[in-house]
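K.L.:
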Amino acid sequence: MIDAIFVALQLFLVVIGVYQFTFSLFGLVKKKKKKHFEPTKSFAVLVAAHNEEQVVGALMENLKQLNYPKDLYEVFVICDNCTDRTADIVREHGMNACVRTNQNLRGKGYAIEWMLKELWAMPRQYDAVVMFDADNLAHPDFLIEMNDDLCSGAKVIQGYIDTKNPEDSWITAAYGVSYWYINRLWQMSRHNLNMANFLGGTGMCFETNLLKEMGWGATSLVEDLEFTMRSVMRGVYPKFNYDAKVFDEKPLTFKASARQRLRWMQGHFTVARRYFFPLLWRAIKERSIVKLDLALYGINVYIVLLTFILTAVIWVDNSFFDGPNIANLFGYLPFWLSFAAIAANIFTFMMALILEKVTFKKVYAYLVLFPIYLLSWYPITVYAFFTQNNKTWSHTEHTRVVRLEEVQSKQG
1115 MIDAIFVALQ
1125 LFLVVIGVYQ
1135 FTFSLFGLVK
1145 KKKKKHFEPT
1155 KSFAVLVAAH
1165 NEEQVVGALM
1175 ENLKQLNYPK
1185 DLYEVFVICD
1195 NCTDRTADIV
1205 REHGMNACVR
1215 TNQNLRGKGY
1225 AIEWMLKELW
1235 AMPRQYDAVV
1245 MFDADNLAHP
1255 DFLIEMNDDL
1265 CSGAKVIQGY
1275 IDTKNPEDSW
1285 ITAAYGVSYW
1295 YINRLWQMSR
1305 HNLNMANFLG
1315 GTGMCFETNL
1325 LKEMGWGATS
1335 LVEDLEFTMR
1345 SVMRGVYPKF
1355 NYDAKVFDEK
1365 PLTFKASARQ
1375 RLRWMQGHFT
1385 VARRYFFPLL
1395 WRAIKERSIV
1405 KLDLALYGIN
1415 VYIVLLTFIL
1425 TAVIWVDNSF
1435 FDGPNIANLF
1445 GYLPFWLSFA
1455 AIAANIFTFM
1465 MALILEKVTF
1475 KKVYAYLVLF
1485 PIYLLSWYPI
1495 TVYAFFTQNN
1505 KTWSHTEHTR
1515 VVRLEEVQSK
1525 QG
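Remember, the working numbering sits 1114 above the position in the sequence shown when you count from 1.
Quick look at the structure:
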């Protein structure tokens, strides 16, 4: 019985791996440019900020320079429980500083929910709401791209999340590689197949009427994934806009990265528990590959945990109990398949770098440390599993002041 369970679990992981690899191949080709529309949609640009005095000024300068009619967008910075000069800097740039103080309901999700209520009560109403983080920089054509998608019928849109500091350390380089891979071989593949994309926490756009109808309601540690689940369950599929780039600051140190990723995994466990089975049931009932795909993405955190547990059990069995005493699926397969699986993983990451035309020399030099970053997800996920009831928001400090011109010149 134990052997049968272990083989079944290993077979499940193999199927998931083949499924994800097959899907990634659909991102190799970029679809032709979509239709353009005249700028007509109005936007409320929300910026979530908690003690961001070092970086928020650069974003304010950036948002003033967007290639979009100035009368069609307005910036609102949510100064959430700030104890520094964030609000003052925002006002110095002529933007709206919306101060929120609530020590009990802390975190980005609660801040957004509060701001939306404030927004709905204002005399002017907007066609859509765009969300950024305070450390971001937006491509000048970001709102043009959002306008095109909204005019084409999209209701929820995710932009391309790029890294503004990939050469700062081996950790930022690892983030950069991960996001180039996700954008091209996860997001683009699903976009090409007209499936649901997932939200990434920043560079997001929402149709106002949909937000008013649904309510925000996403207050977990991963509010982006939570809203993705809720919208797909309603039959609203988020779209991915490859050309709407937003540049995000990544943590410089492994410690800061581990703290951020721990928060992500804790939130993922919460969302998986809450939405996986309802979404899976709808996928089966409606015979929807879109809902099934998102359900599998939702439990990815459990897949990582299961992979670690099975690997650890097999290693202990072989190392300390003169194993193998437990059935190992790979013992029945040709030895070369293990190398083929490793080669497929290397292929996907390298293809992402090539397709995205990454030219950062330090990023390629740091690739030798990239496996450490990937392996570190396992202990972080295990720890997150045992601390998943922790709902305390851990703020990632942002200190890297970069202008868009600098980012674009390095990319060029």
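Quick reminder that beta carbons are idealized off the backbone N, C-alpha and C, glycines included.
Using the beta-carbon count (16 or more within 10 Å), is Val1244 buried or exposed?
P.N.:
Taking the sequence shown and counting its residues from 1, the one referred to as residue 1244 is at position 130. Its Cβ being crowded by 16 or more others within 10 Å, Val1244 is buried.
K.L.:
I want to know whether the region 1478 to 1498 touches the region 1277 to 1296 - three or more CB-CB distances under 8 Å.
P.N.:
Enough Cβ pairs lie closer than 8 Å, so yes.
K.L.:
Just the Cα atoms here: how many angstroms apart are Leu1366 and Asp1282?
P.N.:
For this step, residue 1366 is matched to residue 252 along the sequence shown. For this step, residue 1282 is matched to residue 168 along the sequence shown. Whole-angstrom Cα-Cα distance: 7 Å.
K.L.:
Around the Cβ of Pro1237, are there at least 16 other Cβ atoms within 10 angstroms (buried) or fewer (exposed)?
P.N.:
As a working note, residue 1237 is residue 123 in the sequence shown. It is exposed - the Cβ of Pro1237 has fewer than 16 other Cβ atoms within 10 Å.
K.L.:
What do you reckon, are the CB atoms on Asn1250 and Tyr1182 nearer than 9 Å?
P.N.:
As a first step, residue 1250 is located in the sequence shown; it is residue number 136 there, counting from the start. As a first step, residue 1182 is located in the sequence shown; it is residue number 68 there, counting from the start. No, they are not a contact pair.
K.L.:
Considering Cα atoms alone, identify which of Gln1239, Lys1369, Ile1494 is closest to Phe1538.
P.N.:
Because the chain is modelled from 1115 through 1526, residue 1538 falls outside the range shown and cannot be assessed.
K.L.:
Would you grab the beta carbon distance between Leu1467 and Trp1294 for me? Rounded to a whole angstrom, and I think it's under 8 Å.
P.N.:
For the purposes of this step, residue 1467 is taken as the residue at position 353 of the sequence shown. For the purposes of this step, residue 1294 is taken as the residue at position 180 of the sequence shown. So it is a contact: roughly 6 Å between Cβ atoms.
K.L.:
Shortest alpha-carbon distance to Val1418 belongs to which of Trp1330, Leu1123, Ala1118?
P.N.:
Translated into the one-based positions of the sequence shown, residue 1418 becomes position 304. Minimum Cα distance to Val1418 is reached at Leu1123.
K.L.:
So which of Phe1499, Ile1203, Asp1407 has the shortest CA-CA distance to Leu1420?
P.N.:
Taking the sequence shown and counting its residues from 1, the one referred to as residue 1420 is at position 306. For Leu1420, the nearest C-alpha among the options comes from Phe1499.
K.L.:
Among the candidates Lys1149, Ser1138, Ala1310, whose CA atom is the shortest distance from the CA of Val1404?
P.N.:
Position 290 of the sequence shown, counted from the start, is the residue given in the question as residue 1404. Closest by alpha carbon: Ala1310.
K.L.:
Please report how far the alpha carbon of Leu1339 lies from the alpha carbon of Gly1329, in whole angstroms.
P.N.:
The residue labelled residue 1339 in the question sits at position 225 within the sequence shown. The residue labelled residue 1329 in the question sits at position 215 within the sequence shown. In a straight line, the C-alpha of Leu1339 is about 15 Å away from that of Gly1329.
K.L.:
Buried or exposed: where does His1150 fall if 16 or more other Cβ atoms within 10 Å of its Cβ makes it buried?
P.N.:
As a position in the sequence shown, residue 1150 is number 36, starting the count at 1. Label assigned to His1150: exposed.
K.L.:
Run the CB neighbour count on Met1115, radius 10 Å, all protein chains shown included, and call it buried at 16 or more, exposed below.
P.N.:
Indexing the sequence shown from 1 puts residue 1115 at position 1. Its Cβ having fewer than 16 others within 10 Å, Met1115 is exposed.
K.L.:
Starting from the Cα of Asn1279, find the closest Cα among Asp1362, Lys1353, Glu1166 and give me that residue.
P.N.:
One-based indexing of the sequence shown puts residue 1279 at position 165. Among Asp1362, Lys1353, Glu1166, the Cα nearest to that of Asn1279 belongs to Asp1362.
K.L.:
Determine the DSSP secondary structure at Thr1154, reduced to helix, strand or coil.
P.N.:
Looking up residue 1154 in the sequence shown gives position 40. Coil at Thr1154, not helix or strand.
K.L.:
Considering only the beta carbon of each residue, do Arg1304 and Phe1463 sit closer than 9 Å?
P.N.:
Taking the first residue of the sequence shown as 1, we reach residue 1304 at position 190. Taking the first residue of the sequence shown as 1, we reach residue 1463 at position 349. No, they are not a contact pair.
K.L.:
Can you tell me whether Lys1359 is helix, strand or coil according to DSSP?
P.N.:
Here the question's residue 1359 lines up with position 245 in the sequence shown. Three-state result, Lys1359: strand.
K.L.:
Within 10 angstroms of the Cβ of Arg1348, are there 16 or more other Cβ atoms? Answer buried if so, exposed if not.
P.N.:
For the purposes of this step, residue 1348 is identified with residue 234 of the sequence shown, where counting begins at 1. Classification of Arg1348: exposed, given that the 10 Å Cβ count is below 16.
K.L.:
Mind listing, in chain order, the continuous beta strand (DSSP E) runs of no fewer than 3 residues lying wholly within the region 1166 to 1244?
P.N.:
Qualifying beta strand (DSSP E) stretches, in chain order: 1187 to 1194, 1210 to 1214.
K.L.:
Would you mind stating whether Met1302 and Tyr1389 have Cβ atoms separated by less than 9 Å?
P.N.:
Position 188 of the sequence shown, counted from the start, is the residue given in the question as residue 1302. Position 275 of the sequence shown, counted from the start, is the residue given in the question as residue 1389. Not a contact, by the Cβ cut-off of 9 Å.
K.L.:
If you draw a straight line from the C-alpha of Leu1410 to the C-alpha of Ile1398, how long is it?
P.N.:
As a position in the sequence shown, residue 1410 is number 296, starting the count at 1. As a position in the sequence shown, residue 1398 is number 284, starting the count at 1. Between Leu1410 and Ile1398, the C-alpha separation is close to 13 Å.
K.L.:
Please work out which residues of its chain come closer than 6 Å, Cβ to Cβ, to Lys1246, disregarding the five sequence neighbours upstream and downstream, and give them in chain order.
P.N.:
Here residue 1246 is taken as the residue at index 132 of the sequence shown, counted from 1. The identity of residue 1246 in the sequence shown is Phe, whereas the question assumes Lys. Here the set comprises Val1161, Thr1316.
K.L.:
Determine which residues share a DSSP beta bridge with Met1318 and list them.
P.N.:
Within the sequence shown, numbered from 1, the residue matching residue 1318 stands at position 204. Answer is Met1245, Gln1272, bridged to Met1318.
K.L.:
What is the DSSP secondary structure of Val1418, counted as helix, strand or coil?
P.N.:
As a first step, residue 1418 is located in the sequence shown; it is residue number 304 there, counting from the start. If DSSP states are grouped into helix, strand and coil, Val1418 belongs with the helices.
K.L.:
Bridge partners for Thr1277 per DSSP, in chain order?
P.N.:
Locating residue 1277 in the sequence shown gives position 163, counting from the first residue. Asp1362.
K.L.:
Are the CB atoms of Cys1212 and Asn1165 within a distance shorter than 9 Å?
P.N.:
As a first step, residue 1165 must be located in the sequence shown, where it is residue number 51. As a first step, residue 1212 must be located in the sequence shown, where it is residue number 98. No, Cβ-Cβ distance for Asn1165 and Cys1212 is not below 9 Å.
K.L.:
Considering only C-alpha positions, which residue in the set Tyr1274, Val1189, Thr1154 is nearest to Val1170?
P.N.:
Numbered from its first residue, the sequence shown carries residue 1170 at position 56. Ranking Tyr1274, Val1189, Thr1154 by Cα distance to Val1170 puts Val1189 first.
K.L.:
To which residues does DSSP link Ala1163 through a beta bridge?
P.N.:
As a position in the sequence shown, residue 1163 is number 49, starting the count at 1. Paired residues: Cys1193.
K.L.:
For Leu1408, tell me which candidate among Asn1323, Tyr1133, Gln1374, Phe1120 has the shortest Cα-Cα distance.
P.N.:
Mapped onto the sequence shown, residue 1408 falls at position 294. Of the candidates Asn1323, Tyr1133, Gln1374, Phe1120, the one whose C-alpha sits nearest the C-alpha of Leu1408 is Tyr1133.
K.L.:
So if DSSP puts Phe1354 in a beta bridge, which residue, or which two residues, is it bridged to?
P.N.:
Translated into positions along the sequence shown, residue 1354 becomes position 240. Note: Phe1354 sits in a beta bridge opposite Gln1272.
K.L.:
Would Asn1216 be called buried (16 or more neighbouring beta carbons within 10 Å of its own) or exposed?
P.N.:
In the sequence shown, counting from the first residue as 1, residue 1216 sits at position 102. Under this definition Asn1216 is an exposed residue.
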